[in-house]
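Chains as they are written, first to last, in the numbering used here: chain A, 1 to 365; chain B, 1001 to 1365.
All C-beta atoms in this analysis are idealised placements derived from N, C-alpha and C, irrespective of residue type, glycine included.
The model shown is predicted, which means the values in this text are computed figures rather than measured ones.
One structure is given here, and the rest of the page talks about it.
Number of protein chains: 2
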Amino acid sequence: MTETADERIEVDYRISAGDPGEVAHSIRVEQTIEFPFDLAPEWIQQQVVGRIESSHDQQVTISYDQGVTGGGITQLLNVLWGNVSLFPGVRITDLRLPDSYLANFRGPRFGVPGLRELLGIPNDPLICTAVKPMGTSSQELGKMAATIAAAGFHIIKDDHGLADQPWARWTERVRVIAEHIDEANSKAGTNALYMPSLNVPADRITDAAHEAKSVGARALLVLPGVSGFDAMRTLADDDSLALPIMAHPSFLGSNVVNSEQGIDHGVLFGTLMRLAGADISIFPNYGGRFSFSPEECMRIKTKCHAPLGNIVASWPSPGGGMTLDRLPELTDFYGSDVALLVGGALHRGDLATNAAAMVQALTNR
Amino acid sequence: MTETADERIEVDYRISAGDPGEVAHSIRVEQTIEFPFDLAPEWIQQQVVGRIESSHDQQVTISYDQGVTGGGITQLLNVLWGNVSLFPGVRITDLRLPDSYLANFRGPRFGVPGLRELLGIPNDPLICTAVKPMGTSSQELGKMAATIAAAGFHIIKDDHGLADQPWARWTERVRVIAEHIDEANSKAGTNALYMPSLNVPADRITDAAHEAKSVGARALLVLPGVSGFDAMRTLADDDSLALPIMAHPSFLGSNVVNSEQGIDHGVLFGTLMRLAGADISIFPNYGGRFSFSPEECMRIKTKCHAPLGNIVASWPSPGGGMTLDRLPELTDFYGSDVALLVGGALHRGDLATNAAAMVQALTNR
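And the structure:
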């Protein structure tokens, strides 16, 4: 366990409650040994406890030996945001993982290059939507999906809240929608991927993913805040599935929306989602129904695309109250390596017309 | 899908940002159909979308049809705190689940009555600790555990951050500690339960639980904020395991520590942990290393013990920087149905002496 300094995991924190120096010492102990520092053997104090690398005003950097995170993403999440998540006034502002550590992770199976190849779109943004609203029957959702597929959308997902409701049971819905999209693709010469929501019990999620694939789903939607980041990683790493994965931010919001506490938007929705295998990472776009600022959205995009060992770039996927007239603004803002997610707005007026307009606006620009 | 009004799920929110009436309308739509309300069919507007039951100043109650949560705890979590977790200034202050809904959940297998019977302690608090610090070898952790077991502790858990570090690999550590505790129990006539941390990859967690049981572990520690609430429920419901489960709050803190945003302490660490099968729910005690107030801790205790259909009461487990001299205060505050978790403080001075003193202070009072 000898390492050079550049092989340590580095976490930047902003500490806005209490004395930053004292809180930083608490964090480096709390996130590792959780034990009175003075009672720990000297080698544990030096090697296992985190090390304060720098401290300026509220901004502190602590580094951790890779061994502390032994066990995979679950323990990495615990070191990053386990007990310290219970500290008011502490926010992770950045995270640097050494290449020797990143080599333990496959990351997204497809990411930006893989999905461009799979879908045959060398330059354009990914065009995505969800079928909804909850309450609609499987057949009606299927017809809706067929209309959208025929218009040339790349990804048609279940609304993430579609689980196993009485109005459209999971097994029936996934089969029916997959069939409709497959038929529409055949007729129209399109290539839409159907992405069912794996919002299912934990002991069903692997089987449900395989069942979805067996009936024709060609991608998967996962809720890592509900199902666990490592459940998503397991699906991403499954060679017998080998399907693109989109991550939904359900249940994760409190980690980012309180500006003095939590985790940087880019670290959570960019870095950690990539580590856990998300090819596409959904987040609420600025100016929609939610509260993210343009700067926070840009931070997510940056972390989706930033170098991360040999892990491929992922697709930032802004959504949440997006409208068709904002498409030019959004491609200006995010560039082309973006998965644009338009939902309810497609249904205001004629669905086929709106879907065709969106595809036209975003194709071969 | 006809229901009487008292069979709906009711959620209380405090809305401190924006106009409460407008935000409440957004929530009832966002947490169900995520679709322009005016475009939804009338029956979906009435039955699927949440219903505002009352609204006074910032306090709003919204009820949901049980069908909306179809699919189990994962979708319940999504309805409660999926997209709305991304809203600043919204906090869930209470949750009422009808008995007809609760009948879908087993909850804790043991809870307060079951662990009292299993351990043969009709009246006293549960006495718990963790072996640590990280960096210690399996053999040394085993010896420490044996000393504590011989003193009469009820539960000896792995520190939750013990995963699969190079200093004590998971498989070796669990076997060695289990053996030491078993031997100490035999010699001393004690009955300590060893509880390894299931801080392991998602695709290993079920096998790891069974492996732990096969080598002598008699309880399990789970991190639902990392592994997912429903992964814990799966373990709790596994009749071939049938082991008590303690839940650790790792990664969940941001949901509670920001007073204007998030989820009520009692709802998260009491109600939701019980629904997901936690016999014991750890949280940071007031006056320790963390920030919870006495009122927030009392709220957790109340929700651990409150009526919840046929689901048994769970053990609130205050921990985090607790010291031996606080034991009388804590049993006064929490009563006897509490699992007291003392960690590092046991090691200041002689471990055997401290452990014996703690047992004596809490037994047959």
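Check your understanding: Where does B/D1350 land, buried or exposed, given buried means 16+ other C-beta within 10 angstroms?
Key -> Against the second sequence, residue 1350 of chain B aligns to sequence position 350. Flag for B/D1350 reads exposed.
Next on the checklist: Given the structure, does A/A150 come close to the ligand FAD, in the sense that its CB is under 6 Å from one of the ligand's heavy atoms?
Outcome noted: By its list of ligands, the structure shown contains no ligand whatsoever, and the ligand FAD lies outside what it can speak to.
Is A/W43 buried or exposed, if buried means 16 or more other CB atoms sit within 10 Å of its CB?
To locate residue 43 of chain A, count along the first sequence from 1; it is residue 43. Its Cβ having fewer than 16 others within 10 Å, A/W43 is exposed.
Is B/P1316 closer than 7 Å to B/V1342 when the C-beta atoms are compared? By 1-based counting over the second sequence, the position of residue 1342 of chain B is 342. By 1-based counting over the second sequence, the position of residue 1316 of chain B is 316. Cβ distance not < 7 Å, so B/V1342 and B/P1316 don't count as in contact.
CB contact flag (B/L963, A/G253, <7 Å): The first residue shown for chain B is 1001 and the last is 1365, placing residue 963 of chain B beyond what the model contains.
Query - the region 26-48 of chain A: positions lying closer than 8 Å to chain B by Cβ - result: Per Cβ criterion, the list reads S26, E30, Q31, T32, I33, E34, F35, P36, L39, A40, P41, W43, I44, Q47, V48.
What is the DSSP secondary structure of B/H1305, reduced to helix, strand or coil? Residue 1305 of chain B sits at position 305 when you count from the first residue of the second sequence. Helix.
Any contact between the region 1090-1102 of chain B and the region 1256-1263 of chain B? By contact I mean 3 or more CB pairs, one from each, below 8 Å.
These segments touch.
Exercise for review: Could you check if A/S227 is buried or exposed, using at least 16 other CB atoms within 10 Å of its CB as the buried criterion?
Suggested key: The sequence position of residue 227 of chain A within the first sequence is 227, counting from 1. Per the 10 Å Cβ criterion, buried.
For A/A355 and A/G321, I'd like the C-alpha separation in whole angstroms. For the purposes of this step, residue 355 of chain A is identified with residue 355 of the first sequence, where counting begins at 1. For the purposes of this step, residue 321 of chain A is identified with residue 321 of the first sequence, where counting begins at 1. Roughly 16 Å separates the two Cα atoms.
| request: Give the secondary structure of B/D1094 by DSSP, where H, G and I count as helix, E and B as strand, and everything else as coil. | output: As a first step, residue 1094 of chain B must be located in the second sequence, where it is residue number 94. Three-state result, B/D1094: strand.
Taking 7 Å as the threshold (beta carbon to beta carbon), is B/K1132 in contact with chain A? Numbered from its first residue, the second sequence carries residue 1132 of chain B at position 132. Yes, B/K1132 lies at the interface with chain A (some Cβ there is under 7 Å from its Cβ).
**OP:** Please determine, among A/V200, A/F153, A/G216, the residue with the shortest C-alpha to C-alpha distance to A/M358.
**Re:** Here residue 358 of chain A is taken as the residue at index 358 of the first sequence, counted from 1. Checking every option, the nearest Cα to that of A/M358 belongs to A/F153.
According to DSSP, which residues form a beta bridge with A/R14? Within the first sequence, residue 14 of chain A is the residue found at index 14, counting from 1. DSSP output for A/R14 lists A/Q59, A/R91 as bridge partner(s).
Work out the CA separation of B/I1027 and A/I181 for me, nearest whole Å.
Start at 1 with the first residue of the first sequence, and residue 181 of chain A comes out as number 181. Start at 1 with the first residue of the second sequence, and residue 1027 of chain B comes out as number 27. A/I181 and B/I1027: Cα-Cα distance of roughly 31 Å.
Check your understanding: To the nearest whole angstrom, what separates the beta carbons of A/D159 and A/M134, a pair I think is in contact under 8 Å?
Key -> As a working note, residue 159 of chain A is residue 159 in the first sequence. As a working note, residue 134 of chain A is residue 134 in the first sequence. The Cβ separation is near 7 Å, so the contact holds.
Just to confirm before moving on: does the CB-CB distance between B/G1319 and B/I1282 stay below 7 Å? Mapped onto the second sequence, residue 1319 of chain B falls at position 319. Mapped onto the second sequence, residue 1282 of chain B falls at position 282. Yes, the pair counts as a contact, with Cβ atoms nearer than the cut-off.
Does A/D350 come within less than 7 Å of chain B when only Cβ atoms are used? Residue 350 of chain A sits at position 350 when you count from the first residue of the first sequence. A/D350 does not count as touching chain B.
Alpha-carbon to alpha-carbon, A/M144 and A/S138: Counting from 1 along the first sequence, the entry for residue 138 of chain A is found at position 138. Counting from 1 along the first sequence, the entry for residue 144 of chain A is found at position 144. Those two C-alpha atoms are separated by around 10 Å.
Kindly list the residues whose CB is nearer than 7 Å to the CB of A/I73, restricted to its own chain and excluding five residues on each side of it in sequence; keep chain order. Residue numbering aside, residue 73 of chain A sits at position 73 when the first sequence is read from its first letter. Listed in chain order, the non-local C-beta contacts of A/I73 below 7 Å within the same chain comprise F229, D230, R233, L275, A276, local neighbours out to five positions each way being set aside.
Our contact map puts B/V1060 next to B/T1069 with C-beta atoms below 8 Å; I'd like the distance itself, whole angstroms only.
Here the question's residue 1060 of chain B lines up with position 60 in the second sequence. Here the question's residue 1069 of chain B lines up with position 69 in the second sequence. About 19 Å; that fails the 8 Å criterion.
C-beta contact flag for A/K132 and B/F1035 at 7 Å: Position 132 of the first sequence holds residue 132 of chain A. Position 35 of the second sequence holds residue 1035 of chain B. Closer than 7 Å, so yes.
**Asked** Which runs of the beta strand (DSSP E) fall wholly inside the region 191-228 of chain A and span at least 3 residues, in chain order?
**Response** As far as the region 191-228 of chain A is concerned, its whole beta strand (DSSP E) runs of at least 3 residues are 193-195, 220-222.
Could you give the distance in angstroms between the alpha-carbon of B/P1249 and the alpha-carbon of A/S293? Along the second sequence, read from residue 1 onward, the residue named residue 1249 of chain B stands at position 249. Along the first sequence, read from residue 1 onward, the residue named residue 293 of chain A stands at position 293. One C-alpha to the other measures close to 29 Å.
| message | Rounded to the nearest angstrom, what separates B/T1363 and B/P1284 at their Cα positions? | response | By one-based count along the second sequence, residue 1363 of chain B stands at place 363. By one-based count along the second sequence, residue 1284 of chain B stands at place 284. Looking at the two C-alpha atoms, the distance is approximately 23 Å.
- Task: Flag this pair as yes or no: are the beta carbons of B/G1142 and B/V1176 separated by less than 7 Å?
- Result: Counted from its first residue, the second sequence places residue 1142 of chain B at position 142. Counted from its first residue, the second sequence places residue 1176 of chain B at position 176. Going by C-beta atoms, B/G1142 is nearer than 7 Å to B/V1176.
| query | If you pair each beta-carbon of the region 117-125 of chain A with each one of the region 158-172 of chain A, do three or more pairs fall below 8 Å? | reply | no
Worksheet entry | Residues that B/N1310 bridges to, as DSSP identifies them | Translated into positions along the second sequence, residue 1310 of chain B becomes position 310. Within the DSSP bridge table, the entry for B/N1310 names B/L1308 as partners.
Cβ closer than 7 Å: which chain A residues qualify as neighbours of B/S1063?
Residue mapping note: residue 1063 of chain B aligns to position 63 of the second sequence, counting from 1. Chain A residues near B/S1063: none, gap ~16 Å exceeds 7 Å.
Compare the C-beta of B/D1094 with all C-beta atoms of chain A and state if any pair is closer than 7 Å.
What you label residue 1094 of chain B is simply residue 94 of the second sequence in a count that begins at 1. Cβ-Cβ to chain A under 7 Å: no for B/D1094.
CB contact flag (A/L268, A/M246, <7 Å) | On the first sequence, residue 268 of chain A is found 268 positions in, with the first residue counted as 1. On the first sequence, residue 246 of chain A is found 246 positions in, with the first residue counted as 1. Their beta carbons are not under 7 Å apart, which means A/L268 does not touch A/M246 by this criterion.
Inset, instruction - Determine the burial state of A/A192: buried for a count of at least 16 other Cβ atoms within 10 Å of its Cβ, exposed for fewer. - result: Along the first sequence, read from residue 1 onward, the residue named residue 192 of chain A stands at position 192. Looking at its Cβ environment, which holds 16 or more other Cβ atoms inside 10 Å, A/A192 is buried.
**OP:** Using three-state DSSP, classify B/N1364 as helix, strand or coil.
**Re:** By one-based count along the second sequence, residue 1364 of chain B stands at place 364. In the structure shown, B/N1364 sits in coil (DSSP, three-state: anything other than H, G, I, E or B).
* Between the CA atoms of A/I127 and A/L243 - distance to the nearest angstrom -> The residue labelled residue 243 of chain A in the question sits at position 243 within the first sequence. The residue labelled residue 127 of chain A in the question sits at position 127 within the first sequence. Near 18 Å, if we compare the C-alpha coordinates of A/I127 and A/L243.
Exercise for review: Within the region 1108-1176 of chain B, note down every full alpha helix (DSSP H) run reaching 4 residues or more, in order along the chain.
Suggested key: 1111-1119, 1138-1150
ask   = Roughly how many angstroms separate the alpha carbons of A/G18 and A/P88, rounded to a whole number?
value = Sequence index remark: in the first sequence, residue 18 of chain A carries index 18 (1-based). Sequence index remark: in the first sequence, residue 88 of chain A carries index 88 (1-based). Approximately 9 Å between the Cα atoms of the pair.
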